[in-house]
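Peer 1: Using the working numbering, you'd call the opening residue of the sequence shown number 12 and step up by one each time. From the three backbone atoms N, C-alpha and C, an ideal C-beta is built for every residue, glycine too.
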Amino acid sequence: MNRRDAILKIALILLFGSRLTVAMAAQAPRTGVTFKGTEAFKHVEQLVALGPRPSGSQEAQAAQRYILQTLKSFGLKTEEENFTAFTPIGPIKMKNIIAKIPGQKPDVIIVGSHYDTMFTKRFKFVGANDGGSSTGALLELGRVLGKRKNALTYWLVFFDGEEALVEWSATDSLYGSRHFVETRRRQGTLKSIKAMVLLDMIGDKSLNIRRDTNSTRWLVDLFWEAAADLKLSKYFLTREHSVADDHVPFLEAGIPAIDIIDYDYGFSNVYWHTAADTLDKISPDSLQTVGQVVLRGLEKLEAKFK
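1. When DSSP builds the beta bridges, which residues end up paired with residue 95?
2. What are the complete alpha helix (DSSP H) segments, minimum 4 residues, inside the region 115–175?
3. Measure how close the beta-carbons of residue 147 and residue 258 come, nearest whole angstrom, since I'm counting them as under 8 Å.
4. Give me, in chain order, the residues of the same chain whose beta-carbon lies closer than 6 Å to that of residue 299; leave out the 5 immediate sequence neighbours on both sides.
5. Would you mind listing the alpha helix (DSSP H) stretches within the region 176–260 that are 4+ residues and don't spill past its ends, in chain order?
6. So, with DSSP's three-state summary, where would you put residue 291?
7. For residue 111, name the three-state secondary structure that DSSP assigns.
8. Report yes if the CB atom of residue 140 is closer than 7 Å to the CB atom of residue 293, and no otherwise.
9. Report back the beta-carbon spacing between residue 127 and residue 228 to the nearest angstrom; my notes put them in contact at under 8 Å.
10. Among 251, 200, 252 and 241, which residue has its Cα nearest to the Cα of residue 266?
11. So residue 268 is in the beta strand (DSSP E); what residue range does that whole segment cover?
12. Find the nearest neighbour of residue 269 within the set 253, 279, 76 and 203, judged by alpha-carbon distance.
13. In its own chain, which residues sit with a C-beta less than 7 Å from the C-beta of residue 39, not counting the 5 before and 5 after it?
14. Going by other Cβ atoms of all chains shown within 10 Å of its Cβ, with 16 needed for buried, is residue 281 buried or exposed?
15. Nearest-angstrom Cα distance between residue 233 and residue 154?
16. Inspect the beta-carbon positions of residue 273 and residue 219 and report whether they are closer than 7 Å.
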């Protein structure tokens with residue numbers, strides 16, 4: 012081999028080698044840290060072990076401590092938003108918990124969940140799915156997002172007071188999310204929030220998530236595309252329904268928002284708001300599915316707002 016041929020061969024190796032490196036980098040995840048449904052499930056177990064966790068109860072306060080301790084163990088900075096909610100059964104002290112994960116840009120994506128459970132004296136309601144599953148998943152998302160280099164800033168918001176204290180209405184529900192939005196409205200900081208992603212009731216062993224017609228259409232399309240990317244479309248159905256949830260105050264404030272919720276818990280929703288909402292009805296696999304889709308959807312959001 013003459014010198015010219017040798018130089019040409021080296022150049023070709025460098026050229027194609029660099030292209031291969033770029034291609035591999037594009038396919039590789041941004042971090043070795045991946046979402047684990049088993050870890051999310053462990054958090055749900057801890058919360059359910061506390062018993063019913065309605066707003067203002069000692070068990071709700073124990074849940075708050077668990078959430079704060081877990082977030083801090085991930086090295087995340089937390090904020091506590093204390094307020095008094097005036098409910099049909101009297102004033103109740105409530106607390107939103109916020110973990111802020113700085114990104115390369117100050118534009119904010121909120122990922123949220125309510126952690127309170129329904130208030131009832133008729134039976135023991137531990138809310139494994141309704142209140143527990145999404146909170147466990149959000150904690151696990153905190154572990155993952157906290158170890159990534161994110162293009163956008165993430166606020167993980169654990170809302171108190173989603174459940175009605177007497178009967179669901181515009182004034183007896185969504186206490187935490189309404190307070191959160193109104194506080195940022197007064198502060199003049201709502202404009203920094205580019206989108207809100209809400210998780211609720213995502214642990215059902217028979218996972219069937221329908222498109223919420225109250226949610227922002229393009230945001231729903233984006234997360235359904237994320238499910239398709241991961242070949243998980245069988246869990247994210249084309250059927251539609253309409254849900255009132257903690258995303259509504261954000262929508263009313265003009266912020267794009269989506270509710271990722273399986274509002275078909277058991278046959279004909281038979282387990283919802285009953286004593287049967289227990290750990291044996293939910294699955295780490297379902298939490299894994301939703302966690303993966305959420306992370307893929309967030310990557311798509313970052314590309315959109317980058």
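Peer 2: Let's see:
1. Residue numbering aside, residue 95 sits at position 84 when the sequence shown is read from its first letter. DSSP lists 104 as partners of residue 95.
2. 145–156
3. Residue mapping note: residue 147 aligns to position 136 of the sequence shown, counting from 1. Residue mapping note: residue 258 aligns to position 247 of the sequence shown, counting from 1. In fact, because the Cβ distance is near 19 Å, the residues do not count as touching under 8 Å.
4. On the sequence shown, residue 299 is found 288 positions in, with the first residue counted as 1. Hits under 6 Å: 48.
5. 186–198 and 228–240
6. Translated into positions along the sequence shown, residue 291 becomes position 280. Helix at residue 291.
7. Locating residue 111 in the sequence shown gives position 100, counting from the first residue. Three-state DSSP puts residue 111 in a strand.
8. Counted from its first residue, the sequence shown places residue 140 at position 129. Counted from its first residue, the sequence shown places residue 293 at position 282. Against a cut-off of 7 Å, the Cβ pair of residue 293 and residue 140 comes out as a contact.
9. In the sequence shown, counting from the first residue as 1, residue 127 sits at position 116. In the sequence shown, counting from the first residue as 1, residue 228 sits at position 217. Between residue 228 and residue 127 the Cβ distance is about 29 Å, and since that is not below 8 Å, they are no contact.
10. Here residue 266 is taken as the residue at index 255 of the sequence shown, counted from 1. Among 251, 200, 252 and 241, the Cα nearest to that of residue 266 is on 200.
11. The sequence position of residue 268 within the sequence shown is 257, counting from 1. Counting along the chain, the beta strand (DSSP E) containing residue 268 begins and ends at 268–272.
12. By one-based count along the sequence shown, residue 269 stands at place 258. Of 253, 279, 76 and 203, the residue nearest in Cα terms is 253.
13. By 1-based counting over the sequence shown, the position of residue 39 is 28. Residue confidence is low: residue 39 scores 36 on pLDDT, short of 50, so the model does not pin down where it sits. No coordinate-derived value is stated.
14. Taking the first residue of the sequence shown as position 1, residue 281 is located at position 270. Answer is exposed; the Cβ neighbour count stays below 16.
15. Walking along the sequence shown from the start, residue 233 turns up at place 222. Walking along the sequence shown from the start, residue 154 turns up at place 143. Taking the straight line from one Cα to the other gives about 23 Å.
16. What you label residue 273 is simply residue 262 of the sequence shown in a count that begins at 1. What you label residue 219 is simply residue 208 of the sequence shown in a count that begins at 1. Taking 7 Å as the Cβ cut-off, residue 273 and residue 219 qualify as a contacting pair.
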